[in-house]
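S.K.: Input: one structure, supplied below.
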Amino acid sequence: MESAHLEERPHKKRRFFAENPTPVVATSVRHPSLPPEASSSGPAPPGITPTAAPVQTNVDDVHNGEVADGFDTGLLQAIVGELSPSILTKLRAISGNDVQRAINLYLDGTWSSATMPSTSTVLPSRQSTIANGFIRRDSEMSITSTPSSGTSTLSNSILRAMPDKRYLGSFGAIGWATKSGIGLLRHDEKIGIERSKIPPRLGKGGRVRIVTKKNQDIIVRFTNARGEEVGRLENDSATWISSLLDSKLCSFEASCVYAPERIRTGDNIYLQLRCYFLRTAFVARKFQPSDKMEEKELFESMESQEETDLHKRQVALVKLFEAINLHPTRLNEANEKAKREGLLQAAEMAEEKEQKPKMKSGELADPSSSPPSDEAEEGRELEQDQLDTLYKKAQSFDFNTPELNPAGTFVMDLRKYQKQALYWMVGKEKHETLEHKEVMMHPLWEEYEWPTQDADNAPVPTVDGQAMFYINPYSGDMSLEFPKQEQNCLGGVLADEMGLGKTIEMLSLIHTHRNEVPQDESSATLRSLPRLPKISTAVEPAPYTTLVVAPMSLLGQWQSEAEKASKEGTLKVIVYYGADKAVNLQKLCSVSNGANAPNVIITSYGTILSEFNQVAALEGNRGSHGGLFSVEYFRIILDEAHYIKNRKSKTAKACYELSAKHRWVLTGTPIVNRLEDLFSLVRFLKVEPWSNFSFWKTFITVPFESKDWIRALDVVQTVLEPLVLRRTKDMKTPDGTALVPLPLRTIEIEKIVLSQDEQDVYDHIYLRARKVFNANAEAGTLLKSYTTIFTQILRLRQSCCHPVLTRNARIVAEEEDANLASDLVNGIADDMDLSSLIERFTSEADRDANKFGAHVLKQIQDEANAECPICSEEPMIDQAVTGCWHSACKECLLGYIAHQRDKEMLPKCFSCREPINARDVFEVVRHDDEPEFVEDIRSDFLEPAPPSASQRARVSLRRIGITGSAKTQALLTHLKANRKADRTIKSVVFSQFTSFIDMIEPALTRDNIPFLRLDGTMPQKQRAAVLTEFTNSDKPYVFLLSLRAGGVGLNLVAAQKVFMMDPWWSFAVEAQAIDRVHRMGQGHEVKVIRFIVEGSIEEKMLRIQDRKKFIASSLGMMSDEEKRLQKIEDIKELLS
Amino acid sequence: MSLSKRIIKETQRLAEDAVPGISAVPHDDNLRYFDVTIDGPSQSPYEGGVFKAELFLPDDYPMTPPKIRFLTRIYHPNIDRLGRICLDVLKSNWSPALQIRTILLSIQALLGAPNPDDPLANDVAQAWKQDEQAAIQTAREWTEKHAKP
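As given, the protein sequences belong to chains A and B, one line each in that order.
Take 1 as the starting number for the first sequence in full-length UniProt numbering and just add one per residue.
Take 1 as the starting number for the second sequence in full-length UniProt numbering and just add one per residue.
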């Protein structure tokens, strides 16, 4: 129907406005989206629709009794009676200007329901006389206004018009003979061009050529007029011609320009090729419903083969156009040449990569050192300084941006910059209205004119209304229709640095820009009538709902923040996760359920992924799944969006498939370490043209990888600028005040000295690693044994934390058993409670030695405040006692034992010179530092109970060394000192090894230090509970977090001390973790201590951190030779 | 090398809470270097003498014992001509729990109880063993000659 209408309009115009076409164009331009029905069917009131004006004139003409163009209105009206102008117009249109037919149509009543394809058969001849430019313009406009539902009819009609193939251009090519003979080819002889599929027939040489379908099969043969094979095209041209033939884009006809009379094998033959575009090239892709196809492609995740084909197709097209010297008549990018070159380069690069053996399966599987992404990544990493430059460019925040006050339902106070963010975001979302007016060619497409003459200046058949065709060189798509620029992204990237309140800003947006549910009762019921909540198989709109996708650990935080920020009852928030998923979202969020639809649904990336897989299992049938993919949200917000930084990861693909009107991503680090990270965000946002990876590659990846990174970054900046809002904490307003005043943060590196035993373990592993490295370096097998060496390095790092981490569980268990056995023999258990010891000794009072022991043990408590006999500290720092019960500072005592051992002397007690054993040194644990005993002390004063009873309970002995490594000791020392200084202080401890956290736990338990733990294995509910407990409790908790699970998103401002137990390859990751504590809301100075073992690999890691070269997240990726070499350099440095 | 808390405390106590008959004063320019005087114990051939000595605290003090040497000549089987002292707590029996004060007291006690069976000055030890009275007399004379102010 529409198509007919399209054809009809120019016809009318031609008749009435041929002399002065401009106003008509103007009219149609102003109303490109006008529904076709308005003008063509139904008796529309004149003067309202734009087409009414010409119709009016038409009717006037008619009433003047003139016979225009052979359509006798007078006759018509004489027979059927007076007709309204619009009916007249329509009758005329559908009858094809045939009065008799019009009369019949009118009388039998079919006219009102008649479709108009019949007209199109009549019209072309007329159309062809109209100025080309005019038609093109008009058809463009019409097509752009055509909703997609009309596509199939449209292409049908075009199909009829487009011949099987259409001449595109011609070019010269060289071939070489594959056989010899006389008079095989004459000048001008017609030549057939075919792909290798010739039957294995006997040539003159009698040989059978077997052509196997290989990747590299590019052979293009040509035959003479008698169909005999004569030769092949030269490889240069055959490469692309073969892929054009294979992908059924083109066919070729050729004629011989020159061939020697006597042809010998290998002789050059000069050909003239005429290229035709096949109709199928335009049609094939169209006939697949675009939506379905896309889904299929994405849900099956079989991209690589398709991508390869695409590259070939792209290259072939570009080369073809070069060969026939065809230039676009219209394209969006100014620098065409750069574009083409880039495109070729990109494709070539991809090919090169393809050819290299894929080593993905050999990836390092160690979870603690591999990056937090499921699949291999690509693209070169950014050096830190490049990243800095880029960010600096993206950060040109205008401090004079107007502010917008949030809606009244939002109850939190926003800071100035947050109101500015709100203004910006609302502006982005509402930009739609402006965008709608302009109809632009899609920036990825190029327009080409069909040639009207061939190379010999002979006219070639043209097709009416199809003076142009369109090619998208990035996707390889071809079209006969005008490609309209799709709606621009109505969202963006909110990349404010951590702690600036992205969540709050987003919540203010949710409150401020929302669709109101109509309050009017009647309209609500009316609305619900036609569409009762039922499960539809299509994606249904959810105009009141914002979907928030966040890492699991943040779900609770989002929910509570959303509730905190909203006036009671103004925002319905549900968490869609785990067991809470038992709702049909399509039903719940539907328009008809508006009053009850949730305003915010919070879910996790994991949920998205699992539902994505379910939908994929249903063959992409989103609607009937009823889950996250079954509705089109008003808005989607991806929190911590670097979760989807890898465009190949399933999670990223799943997120791309979510439907929404507005799309936002929140991330403090839009680029983690490569430009491709950004692509994934852009892809999610559906920002044209950048969301096309081929395009992205051409303009960003390729220049960047060929070291032209200034250009690449410039382009990135143009991508980012309109899309990204980023402010940093250290930004200063023009008057010099900080954006967010945060309390001071100090980071200190504390050097740890390993105990002798630990050092032994470390040295042992180090030597082994060196040995492996040297052996491989000599044998030249470094690359092969990369994983092994890297594992050794991991072991080294672990041994800096705790030697036990490096050993396998069985050995450790055995050792512990042995220790236990010897302790039982000695009558000393690892942890002796002083009270029970005293009891034991007094019960054996008859023995002198024990009596003495009992006496001394009792004294230990009194001695606590005495001076250390070794260092004279008073009181002792970490009082410790020998097996002969002499007290000193723990460090002094251990130091003295070590000193004696170094001199190869038998360690003896400093006091009584009894031989002592390092294992028999006990730490005195004084429980009176612990808050739990505060009340006990007070009760001592109140009632004169025997002091010994309560005192005994407050001291216990613990064997040193069992609490673990030098690092745990150092941590405990700090924690205890903090506890002494301030009993309410909370601390956060990060380690990348959860097994190390396992070792820290018992040490904390023994010292009665209350702690909480969060790692990747915990289910969401538990995480939320732990976070709430940490934030709300009065207890001086120590929060043990794994760097990976706790490094992102969490809000830990309740803490003031941060301990980084082990360094990560890039300090950025550590800094991010630190920022969990040092972020908005932190009211105290934050002290950070990083434990680094002196003289160890950790120190070297710090050096590498400083250089920012070595980024561990790429360690899993071994495809790039150069990169690997770089890493080996780094390893050399680590093991030097 | 900065001074440890221990050395500072010891020095303070030596000054504030002096032991009769013993003094140890650090040099202004090197607080690890002490001028020491020990009064000869009564009822010994060294009675009435004031013996000067020098004492140096090595860097790893108190893990290692102080180094100490008599500057005043003394006739004693466990002290040689250079003033070096043979005393177990200054060697193998050192313990970080010992201090300057206790070491000096030990030396003072050594003056009162020579031990010719573990000699450092062999000639003196020999003389002591052969004719103790004569040796004591010599010691007295030396005290008179060298250790009187």
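Positions of the beta carbon are idealized from the N, C-alpha and C atoms, including for glycine.
Three or more C-beta pairs under 8 Å: does that hold for the segment 982-992 of chain A against the segment 1056-1065 of chain A?
M.R.: yes
S.K.: Would you say residue 1190(A) and S508(A) are within 8 Å of each other, going by their C-beta atoms?
M.R.: There is no way to answer for residue 1190(A), as the model of chain A reaches only from 1 to 1136.
S.K.: Would you please verify whether the beta carbon of R6(B) is less than 8 Å from any beta carbon of chain A?
M.R.: yes
S.K.: Are the segment 127-145 of chain B and the segment 96-105 of chain B touching, with three or more C-beta to C-beta distances below 8 Å?
M.R.: no
S.K.: Run through DSSP, which three-state label would C655(A) get?
M.R.: helix
S.K.: Where does H662(A) sit, in a helix, a strand or coil, going by DSSP?
M.R.: strand
S.K.: Starting from R13(B), follow the alpha helix (DSSP H) in both directions and report where the run begins and ends.
M.R.: Unbroken alpha helix (DSSP H) run through R13(B): 5-16.
S.K.: Would you mind telling me which residues of chain B sit closer than 9 Å to H899(A), beta carbon to beta carbon, in chain order?
M.R.: D60, M63, T64, P96
S.K.: Bridge partners for M468(A) per DSSP, in chain order?
M.R.: E449(A)
S.K.: Rounded to whole angstroms, how far is the Cβ of residue 1177(A) from the Cβ of E234(A), which I believe are closer than 8 Å?
M.R.: Outside the shown range of chain A, which is 1 to 1136, sits residue 1177(A), and nothing can be said about it.
S.K.: Let me check understanding here. Comparing Cα to Cα, which of E1094(A), I182(A), A316(A) lies closest to E261(A)?
M.R.: For E261(A), the nearest C-alpha among the options comes from I182(A).
S.K.: Evaluate K1132(A) with the Cβ neighbour count: other Cβ atoms within 10 Å of its Cβ, from every protein chain shown; 16 or more gives buried, anything less gives exposed.
M.R.: exposed
S.K.: Over the uninterrupted beta strand (DSSP E) stretch that includes P541(A), give me the two end residues.
M.R.: That run of the beta strand (DSSP E) goes 540-550.
S.K.: Secondary structure at W1065(A), three-state DSSP: helix, strand or coil?
M.R.: coil
S.K.: Please say whether A898(A) and Q756(A) have beta carbons closer to each other than 8 Å?
M.R.: For Q756(A) and A898(A), yes; Cβs fall inside 8 Å.
S.K.: Would you mind working out which of C800(A), A316(A), V1038(A), P1002(A) sits nearest I471(A), comparing C-alpha positions?
M.R.: Among C800(A), A316(A), V1038(A), P1002(A), the Cα nearest to that of I471(A) is on A316(A).
S.K.: Touching or not, the segment 1082-1089 of chain A and the segment 774-786 of chain A, by the rule of three or more beta carbon pairs under 8 Å?
M.R.: Fewer than three pairs of CB atoms, one per stretch, sit closer than 8 Å, so the segment 1082-1089 of chain A makes no contact with the segment 774-786 of chain A.
S.K.: Over the uninterrupted beta strand (DSSP E) stretch that includes R274(A), give me the two end residues.
M.R.: 268-278
S.K.: Hey, is F852(A)'s beta-carbon within less than 8 Å of any beta-carbon in chain B?
M.R.: Low per-residue confidence applies at F852(A): pLDDT is 44, beneath 50, and the placement is therefore not dependable enough to give any value.
S.K.: Sort I68(B), V50(B), P62(B) by Cα distance to F56(B) and report the nearest one.
M.R.: Residue I68(B) is the option with its Cα nearest to F56(B).
S.K.: By the 9 Å beta-carbon criterion, what residues does the UniProt domain "UBC core" (2-148) of chain B contribute toward chain A?
M.R.: So the list reads S4, K5, R6, I7, I8, K9, E10, D60, P62, M63, T64, S92, N93, S95, P96, A97, L98, Q99, given in the order they occur along the chain.
S.K.: Would you say the segment 21-35 of chain B touches the segment 109-124 of chain B, given that touching needs at least three Cβ pairs under 8 Å?
M.R.: no
S.K.: Using a threshold of 8 Å, state whether the C-beta atoms of R683(A) and W664(A) are closer than that.
M.R.: no
S.K.: With a cut-off of 8 Å, do at least 3 Cβ pairs link the segment 640-647 of chain A to the segment 451-471 of chain A?
M.R.: no
S.K.: For chain B, find out if any of its Cβ atoms is closer than 8 Å to the Cβ of C801(A); answer yes or no.
M.R.: no
S.K.: Here's the rule I'm using: 16 or more other beta-carbon atoms within 10 Å means buried, otherwise exposed. How should P20(B) be labelled?
M.R.: exposed
S.K.: Going along the chain, which residues of its own chain have a beta-carbon closer than 6 Å to the beta-carbon of E194(A), five neighbours each way excluded?
M.R.: Result list for E194(A): R221, in chain order.
S.K.: Please go through the same chain and pick out, in chain order, the residues whose beta-carbon is closer than 6 Å to the beta-carbon of residue 1146(A), but skip the five residues on each side of it.
M.R.: No answer is possible for residue 1146(A): it lies beyond the span of chain A, which begins at 1 and ends at 1136.
S.K.: Is there a Cβ of chain B sitting closer than 8 Å to that of F922(A), yes or no?
M.R.: no
S.K.: CA-CA distance, H511(A) and V548(A)?
M.R.: For H511(A) and V548(A), the distance between alpha carbons rounds to 14 Å.
S.K.: Whole angstroms is fine: what's the gap from S170(A)'s alpha carbon to N325(A)'s?
M.R.: So the two alpha carbons sit approximately 9 Å from each other.
S.K.: Expressed to the nearest angstrom, what Euclidean distance is found between the alpha-carbon atoms of S95(B) and E748(A)?
M.R.: 36 Å
S.K.: Which whole-angstrom value describes the C-beta separation of K976(A) and M1061(A), a residue pair presumed to lie in contact below a C-beta threshold of 8 Å?
M.R.: That belief does not hold up - the Cβ atoms of K976(A) and M1061(A) are roughly 17 Å apart, past 8 Å.
S.K.: Which whole runs of the beta strand (DSSP E) in the UniProt domain "UBC core" (2-148) of chain B are 3 residues long or more, in chain order?
M.R.: 22-26, 33-39, 50-56, 67-70
S.K.: Please confirm whether Q1020(A) and L555(A) have their CB atoms less than 8 Å apart.
M.R.: For Q1020(A) and L555(A), yes; Cβs fall inside 8 Å.
S.K.: Could you name the residues of the same chain whose beta carbon sits closer than 8 Å to that of I85(B), not counting the 5 residues immediately before and after it, in chain order?
M.R.: I68, R69, F70, N78, I79, I107, L110, L120
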